[in-house]
Ligand code: NI
Ligand code: MN
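Okay, structure coming up:
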């Protein structure tokens, strides 16, 4: 699996010949100016919840590439009404076998209003597994005891967790989350984009290290083999 970070909570995974893009928020993000949205050619777009900073570019990319948009039922319905053709609705606790692997839509403690005020269903995250890797992207969430269920049932290779605090978990809770999900390799997202969520990189990495865990902070555009 190859992961590419596009800033904020947007990243893509390349696996089994497919590209899966998560939470596209690129063109409104001044920090992601180096990323050309038009060059992204995902096969799937996975959206964790209805907030602008997780879906701003989803409609444009979906219409241009015919990628299949996967999210909760309410968000998928909203996109169908906008004319997005390929969609797959899910809801919390449900799994589906896609051609790139299994996807489970997991619980998150957050909110999920869509940009026009429409109801965005319950916010979630994604547990993804195939022959190459097993990983968990929590989406925007607080630390939750439900994460223990993931740690008990899955052997994760890595996790993508928000660490910016204020709107989601901060560093300390993300370390506990990593313990709950039983995973020592964490890619941090949802930090530095706005003033509310700026973090001290070195301090964050040291805090994870002190608990025997690795925090990876990718540069925007950076790729990493997992
Ligand atoms: Ni959010
Ligand atoms: Mn967010």
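Residue numbers (the working numbering): 125 to 350. Ideal Cβ placement from N, Cα and C applies to all residues, glycine included. All figures in this text were calculated on a predicted structure; none of them were measured in a lab.
The ligand MN never approaches residue 129 closely enough for any of its heavy atoms to be under 7 Å from the residue's Cβ. By the neighbour-count criterion, in which a residue is buried when 16 or more other Cβ atoms sit within 10 angstroms of its Cβ, residue 269 is exposed. A straight-line Cα-Cα distance of about 23 Å links residue 346 and residue 289.
A Cβ-Cβ distance of about 6 Å is found for the pair residue 225 and residue 252, placing them in contact under the 8 Å criterion.
In its chain, beyond the 5 residues on either side, 203, 206, 208 have a beta carbon closer than 8 Å to the beta carbon of residue 183. In chain order, the residues positioned with their C-beta nearer than 7 Å to some heavy atom of the ligand MN are 133, 175, 177, 178, 264, 291, 292, 314. Contact between residue 159 and residue 344 holds: CB atoms are separated by about 7 Å, below the 8 Å threshold.
Under the DSSP assignment, residue 271 falls in the alpha helix (DSSP H) whose first and last residues are 271-277. Under the criterion of beta carbons closer than 8 Å, residue 299 and residue 272 do not qualify as touching, at roughly 15 Å.
Following the DSSP letters along the chain, one finds residue 200 inside the alpha helix (DSSP H) bounded by residues 197-205.
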